[in-house]
Every structure is written in C-alpha cells, then in structure tokens.
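Peer 1: Would you mind keeping the following structure in view while I ask a few things?
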Amino acid sequence: MNGEAVQVRRLTAPELAAFQEGMPSWSAAEYPRRLAFQDDGLAVQLVAWVGGDPVGRAMLVLPGHPEWSVSAHREGCAEIRDVGVHERWQRRGIGTALIDGLEDEARGAGLARIGLSVGVDADAGAARALYERLGYRYAHGPHVIAAALERDDGTLMPVAGVVEYLAKPLDQVP
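So the number in the working numbering is just where the residue sits in the sequence shown, counting from 1, plus 1086.
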C-alpha cells in the first residue's frame, strides 16, 4: 500500500467527526445510529485509516438488527453492507482488509456463514470479482432491493438495484 500503514478497526465515537469529514454520507445521523447498533451488539462498523484519515468503510449486520435482510435470514448468515474505499485508495488491498475484518467479527459473534448482495450490472463487476476471489459464491437471486434513505434535510434518496446474494462459509479459506 505504498508504504503507508493501513489500520482497520471498529469505528468509535471519538473518531466519528474525523470519519464523517473524510468520508461523508447521505446523512450526518447515519453513523451515530450505526454506533448505537454496534454498542448493542447488532452491527459492526469498520473503518480503514491511514494515519488520521479514513480511506474505507464496511458494515456487518448481525441477526436481530432491524435491517437484517430477508436474504441474510434465508441464508442464516451475518451480512456485509456498505463496503466502500475512497477512490484514491482503491486497488491497494483495503477492500480485502475490510472484508477480512468483517469475517473475523462474524466468527467472533459465533456465526458460521456470511453473505452480501452484489449488483448484477457491469458497474458491480469489480466488487463481484473481489467477493468471488475471497470465496463468496452465488446463493440466490437475482432480486430487487430498494430503500429510501433520509437525508439531513428530511428529503428521501431512493436507492434500488437488481442484485444477487453471495454467501461464504466462514471456515472456508479462499
């Protein structure tokens, strides 16, 4: 990674402002909400840092979380969500480090499987290639996912896509 040390760890409340400044989201309330779920043992929010700068993020949703998907329930697994690496830091192993960290978190929670949704369109090709290289395989789909995310100003941002669900046994090494 060009000699710059990348550290992947759970997001903490004291790091929240630096994280949100470096990797802003659609809502200032989203990551405090995720920290609350993390405190309750229902989610894990990992962040990749280079020094004090956030360069990537990924979330793990655990059974019992109100947003644990029907697909995750069907597959009996923890679910990876919202994987993203800052454009300047892509293709340096950060996505892999984030996924490895989430897999460790899922194992630590006593789960034997982990899964995720990935788009079927060409734009999702790089993400799909990463997940398949890491041992994720087709579980079911395609199906449509849709949500309306609330922005800070109260307006809704619709998000939808056609996805397939990929899953991996956690004892599997790619």
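Beta carbons are placed, not taken as given, at the ideal position from N, Cα and C, and that holds for glycine.
Count the other CB atoms, across all protein chains shown, that sit within 10 Å of the CB of M1145; report buried if there are 16 or more and exposed otherwise.
Peer 2: buried
Peer 1: Can you check DSSP and say which residues form a bridge with M1109?
Peer 2: Per DSSP, M1109 has no beta bridge partner at all.
Peer 1: First and last residue of the beta strand (DSSP E) that includes S1203?
Peer 2: R1199 to G1205
Peer 1: Measuring CA to CA, which of M1243, Y1251, R1237 and I1180 is closest to A1115?
Peer 2: R1237
Peer 1: Since H1159 is in the alpha helix (DSSP H), which residue starts that stretch and which ends it?
Peer 2: V1156 to E1161
Peer 1: How would you label M1087, buried or exposed, when you count the other beta carbons within 10 angstroms and need 16 or more for buried?
Peer 2: Here the model assigns M1087 a pLDDT of 44, short of 50, so the residue's position is not dependable and the matter cannot be decided.
Peer 1: Look at the alpha carbon of L1128 and the alpha carbon of H1151, and state the distance between them as a whole number of angstroms.
Peer 2: 5 Å
Peer 1: Considering only their Cβ atoms, is the gap separating V1249 from H1229 smaller than 8 Å?
Peer 2: yes
Peer 1: Would you decide whether G1181 is buried or exposed? Buried here means 16 or more other CB atoms lie within 10 Å of its CB.
Peer 2: buried
Peer 1: Determine, using beta carbons only, whether D1126 and R1143 come nearer to each other than 8 Å.
Peer 2: no
Peer 1: Taking the Cβ atom as the reference point for each residue, do L1252 and R1219 lie within a distance shorter than 8 Å?
Peer 2: Contact flag unset, no.
Peer 1: Residue range of the beta strand (DSSP E) that G1170 falls in?
Peer 2: Here the beta strand (DSSP E) through G1170 covers A1164 to V1171.
Peer 1: Does DSSP put E1189 in a helix, a strand or coil?
Peer 2: helix
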